[in-house]
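For the record, the sequence lines run as chains A and B.
Heads up: the first sequence at position 321 corresponds to 894 in this note's numbering, and the numbers run straight through without jumps.
Heads up: the second sequence at position 30 corresponds to 48 in this note's numbering, and the numbers run straight through without jumps.
Reading through the structure tokens given below for one structure.
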Amino acid sequence: MSATNMDLLRFATAGSVDDGKSTLIGRLLLDSKSIFEDQLEAVEATSEAKGYDYTDLALLTDGLRSEREQGITIDVAYRYFATPNRKFIIADTPGHVQYTRNMVTGASTADLGLVLVDARQGLTEQSRRHAVILSLLRVPHLVLAVNKMDLVDFDQQVYENIYREFTQFATKLNVPDLEVIPISALQGDNVVTRSENMPWYSGPTLMHHLEHVHVASDRDLIDARFPVQYVIRPKSDEFHDYRGYAGQVAGGVLKPGDEVVVLPSGMTSKIARIDLFDKEITEAFPPMSVTVHLEDDVDVSRGDMIARVKNAPAPSQDIDAMICWMTTTPLQPRQKLAIKHTTRTGRALVKDIQYRLDVNTLHRDQATNELGVNEIGRVTLRTTVPLLCDPYSKNRTTGSFILIDEATGVTVGAGMING
Amino acid sequence: MTQTHSDYRLSQLDQLEAESIHIFREVAAEFEKPVLMFSGGKDSIVMMRLAEKAFYPAKIPFPVLQVDTGYDFPEVLATRDNWVDRLGVKLIVASVEQAIKDGIVVDDGKTSRNRLQIGTLLNAIEENGFTAAFGGGRRDEEKARAKERVYSHRDEFGQWDPKMQRPELWSLYNGRIHEGEHMRIFPISNWTELDIWDYIGREGIEIPSIYFSHQRRVFQRDGMLLSESEHNPLRDGEVAEERTVRFRTVGDLTLTGCVESTASTIPEIIEEVAVARVTERGATRGDDRFSEAAMEDRKKEGYF
Ligand SMILES: Nc1nc2c(ncn2[C@@H]2O[C@H](COP(=O)(O)OP(=O)(O)O)[C@@H](O)[C@H]2O)c(=O)[nH]1
Ligand SMILES: [Mg+2]
């Protein structure tokens with residue numbers, strides 16, 4: 574088996590405490606043979622020492638001492654497993670409301686969100702919140718795993734009720750692709766192997782769905798966006814006149830000969846050549862890291878963006894965005910923060926907090942004038958430098974930014990641009 | 019010109035490479051004084067390759083730092099020198115022996131060289147004023163690492179506080195630090211052991227010969243096969259004998275065990291890794307075997 578031609582799926586898991594998230598991940602790792610004997614032995618020994626009567630697969634993923642002590646997941650943990658055709662990166666995110674920011678973190682890069690519910694309890698406030706956050710973060714694929722089916726006698730009616738309630742709720746969200754799968758994480762039903770206990774279910778097993786969900790088309794291949802990261806100028810005789818703009822393609826397809834504009838200056842040129850290490854390539858697309866050469870000697874530096882002449886974002890200093898606030902001191906109007914958007918850094922002033930979104934009910938609270946920790950709201954910012962941005966709904970790279978506290982240097986907010 | 023991917027798909031290995039190169043460029047652009055921590059092991063060699071690609075045809079715009087335990091495998095040092103020569107980068111060697119002589123770390127005869135590396139490393143970072151240090155840690159290696167950010171903040175004492183990690187979203191990395199602090203950067207966080215081998219095979223790059231099957235005089239200690247060496251005197255009851263072995267990780271030779279193996283090519287190693295039932299650290303690293311939280315504790319103190 575070789576990873577060279579596999580593709581990649583990043584998914585984030587969410588669920589309330591005890592819905593079986595860690596058990597499910599443990600099961601996926603175990604059944605895909607991604608767990609090693611020494612890891613399993615360590616977990617078996619700990620389970621026995623704690624007097625459990627089964628092996629607690631959750632111990633495989635709860636990595637920090639305080640997490641093991643408290644028996645809960647606090648921070649995002651990343652896990653890896655692979656099947657012959659696909660590698661998976663799991664962001665295992667904590668479910669508590671006080672860790673919403675960590676869930677946002679895990680969801681920010683995910684192609685797919687996996688929300689667990691306990692079949693006995695049905696949809697809870699938390700399951701709805703997780704779905705809301707995943708849809709706000711524009712995670713294109715959503716799976717609702719109805720877990721612990723073994724505890725409800727694998728009853729079809731239980732599944733159907735949850736299915737109906739959730740699909741109804743999901744119409745209010747932006748969920749392009751939804752799958753609802755009845756499972757037992759503990760016993761393995763419909764996780765990797767099809768359950769014999771639920772003949773009434775004809776959909777895919779969880780693993781089958783993860784392996785086959787189509788992610789390539791989720792990227793924007795139309796609107797060319799190339800944030801310049803670094804200017805490569807070798808100070809050597811051999812490459813005396815070399816001047817390349819290095820960066821990671823954020824959208825669209827770039828080709829030699831394309832007429833391009835450099836933002837924010839507005840200067841135009843043509844792509845002369847695109848390098849991938851020591852080779853010239855005919856096209857570059859997301860998420861390739863390449864080096865672009867322009868025909869003309871225009872002034873280009875880090876923070877600029879190369880786009881197509883007839884399809885470029887409008888530079889703007891007035892930003893309307895959804896913000897997830899991540900620190901205990903609340904976000905308030907008039908506050909000044911550092912902002913990082915693509916490769917551009919500047920300062921931002923909070924002009925207005927338009928509303929706070931109740932992530933449980935989707936209610937918009939317009940009376941508020943601050944955002945507390947783990948709260949999400951719609952905010953207007955004025956920035957010192959123009960941002961070369963797109964709506965987050967069009968491009969998750971050019972539509973996102975982080976806010977940084979200038980005194981502490983800590984990341985305090987995550988923003989998704991509206992429009 | 020090379021035709022790339024007409025269906026606009028990147029293999030997962032190409033995606034990992036692109037992500038890592040992005041991280042290298044981000045750090046080079048935003049930090050005043052980065053350094054790459056190079057152990058000579060396969061992970062740091064992959065880092066070197068990625069850094070080479072990130073800045074080509076310019077030279078890597080930062081030096082390389084190696085913490086020399088004094089107990090390093092000679093084959094590893096040879097590979098290190100070849101890489102440094104080929105890429106024309108500056109090599110800084112921070113020696114544990116020297117740090118002991120200078121009183122920076124204390125050799126009480128009980129503490130392993132591996133642990134003495136921490137003080138030696140932190141001193142080298144401080145002395146040189148490095149603001150960012152690339153490390154080859156991977157999240158699949160160990161539970162504490164699974165939680166660590168790509169940009170991992172260290173305070174003035176070089177310590178990691180796992181409860182105070184900054185949120186890290188999208189590919190927007192926050193490199194703000196205060197005077198005296200530094201950032202550890204893990205550009206290959208999302209690579210697995212198998213990815214590393216696939217990449218080494220695909221790129222055809224040089225790694226130390228001890229990763230491949232060879233004859234070596236070894237002895238059993240604490241359930242590991244250790245190499246016979248002047249730094250590693252045999253204790254009562256231990257006997258050395260010649261075996262066909264290879265190493266899965268390279269580190270301090272008094273602590274790094276080998277496995278019996280006939281894998282002498284990259285595809286053979288990949289095959290072996292794919293069916294391995296024990297993690298590379300669990301199998302062969304004495305330093306990680308003491309407790310469930312061994313790595314977390316060392317990381318908090320400032321380990322790689
Ligand atoms: N009967 C049954 N128990 C389960 C199932 N999945 C998880 N559990 C149990 O539910 C409890 C909480 O599971 P855990 O994975 O720690 O939940 P987490 O908090 O979401 O990570 C544990 O006792 C599990 O053994 C399931 O499918 N069936
Ligand atoms: Mg858990």
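Ideal Cβ placement from N, Cα and C applies to all residues, glycine included.
Being a predicted model, the structure only gives us computed values, none of them experimental.
Item                                                                                                                                                               : Value
Among the candidates ILE122(B), THR87(B) and VAL277(B), whose CA atom is the shortest distance from the CA of ASP270(B)?                                           : THR87(B)
Since ILE63(B) contacts GLU70(B) with CB under 8 Å, what's their CB separation in whole angstroms?                                                                 : Incorrect: roughly 10 Å between the Cβ atoms, too far for contact.
Round the Cβ separation of LEU687(A) and ALA718(A) to the nearest angstrom and send it over; I've been treating them as touching at under 8 Å.                     : 6 Å
Would you call the segment 734 to 742 of chain A and the segment 768 to 779 of chain A touching, i.e. three or more CB-CB distances under 8 Å?                     : no
I'd like the ranges of any beta strand (DSSP E) spanning at least 3 consecutive residues and lying wholly in the segment 699 to 762 of chain A.                    : 714 to 720 and 750 to 755
For a contact defined as C-beta to C-beta under 7 Å, what are the partners of GLY982(A) on chain B?                                                                : ARG194, ILE195 and HIS196
To which residues of the same chain is SER768(A) closer than 6 Å at the C-beta, ignoring the five residues directly before and after it?                           : ASP762
In whole angstroms, what is the alpha-carbon distance linking HIS813(A) and ASP891(A)?                                                                             : 41 Å
Can a CB atom of chain B be found closer than 9 Å to the CB of MET899(A)?                                                                                          : yes
Mind checking whether the beta-carbon of ILE975(A) lies closer than 8 Å to any heavy atom of ligand 1?                                                             : no
Work out the CA separation of VAL690(A) and TYR716(A) for me, nearest whole Å.                                                                                     : Checking the sequence, you will find Val at residue 716(A) rather than Tyr. VAL716(A) and VAL690(A): Cα-Cα distance of roughly 11 Å.
Using DSSP's beta-bridge definition, name the partner residues of ARG937(A).                                                                                       : LEU930(A)
Would the beta-carbon of MET722(A) be found less than 8 Å away from any heavy atom of ligand 1?                                                                    : yes
So, helix, strand or coil for SER309(B), using DSSP?                                                                                                               : The predicted position of SER309(B) is uncertain, since its pLDDT is 46 and thus under 50; no value can be drawn from it.
With respect to 8 Å, is the separation between the Cβ of SER700(A) and the closest non-hydrogen atom of ligand 1 below this value?                                 : no
By how many angstroms is the C-alpha of TYR74(B) removed from the C-alpha of ILE39(B)?                                                                             : 11 Å
At a CB distance below 9 Å, what residues from the segment 811 to 836 of chain A approach chain B? Give them in sequence order.                                    : GLU811, PHE812, TYR815, GLY817, ALA819, GLY820, GLN821, VAL822, VAL826 and PRO829
DSSP has ASP580(A) in a bridge; who is on the other side?                                                                                                          : ARG659(A)
How would you write the range of the alpha helix (DSSP H) that GLY820(A) sits in, first residue to last?                                                           : Element bounds for GLY820(A): not the alpha helix (DSSP H) but the beta strand (DSSP E), 817 to 821.
With a threshold of 9 Å between beta carbons, is ILE977(A) in contact with chain B?                                                                                : yes
Is there at least one Cβ from chain A nearer than 9 Å to PRO226(B)'s Cβ?                                                                                           : no
Could one say the Cβ of HIS714(A) lies closer than 9 Å to chain B's Cβ atoms, at least one of them?                                                                : no
So does GLN760(A) have its beta carbon nearer than 8 Å to some heavy atom of ligand 1?                                                                             : yes
Just to confirm, does ASP629(A) get its C-beta within under 8 Å of one of the non-hydrogen atoms of ligand 1?                                                      : yes
Nearest by alpha-carbon distance to GLU44(B): which of ALA117(B), PHE204(B) and LYS165(B) is it?                                                                   : PHE204(B)
For a contact meaning CB atoms closer than 7 Å, what does ASN578(A) contact in chain B?                                                                            : SER29
Any beta carbon from chain A within less than 9 Å of ARG51(B)'s own beta carbon?                                                                                   : In the sequence under discussion, the amino acid at residue 51(B) is Lys, which differs from the Arg named in the question. So, not an interface residue.
Check whether the Cβ of THR596(A) lies closer than 8 Å to any heavy atom of ligand 1, and answer yes or no.                                                        : yes
Tell me whether LYS51(B) sits in a helix, a strand or coil according to DSSP, three-state version.                                                                 : coil
Let me know the secondary structure DSSP gives LEU134(B) once reduced to three states.                                                                             : helix
Let me make sure I understand the geometry here. Which of VAL124(B), TRP215(B), THR280(B) and ILE228(B) has the alpha-carbon closest to that of THR138(B)?         : VAL124(B)
Thinking C-beta only, is ALA887(A) closer than 9 Å to VAL712(A)?                                                                                                   : no
Nearest to LEU105(B) by CA position, among MET65(B), ALA112(B) and GLU93(B), is which residue?                                                                     : MET65(B)
Please decide whether SER189(B) counts as near chain A, where near means a Cβ-Cβ distance under 9 Å.                                                               : yes
Taking contact to mean at least 3 C-beta pairs separated by less than 8 Å, is the segment 931 to 940 of chain A in contact with the segment 953 to 964 of chain A? : no
Round the Cβ separation of ARG652(A) and ALA758(A) to the nearest angstrom and send it over; I've been treating them as touching at under 8 Å.                     : Incorrect: roughly 14 Å between the Cβ atoms, too far for contact.
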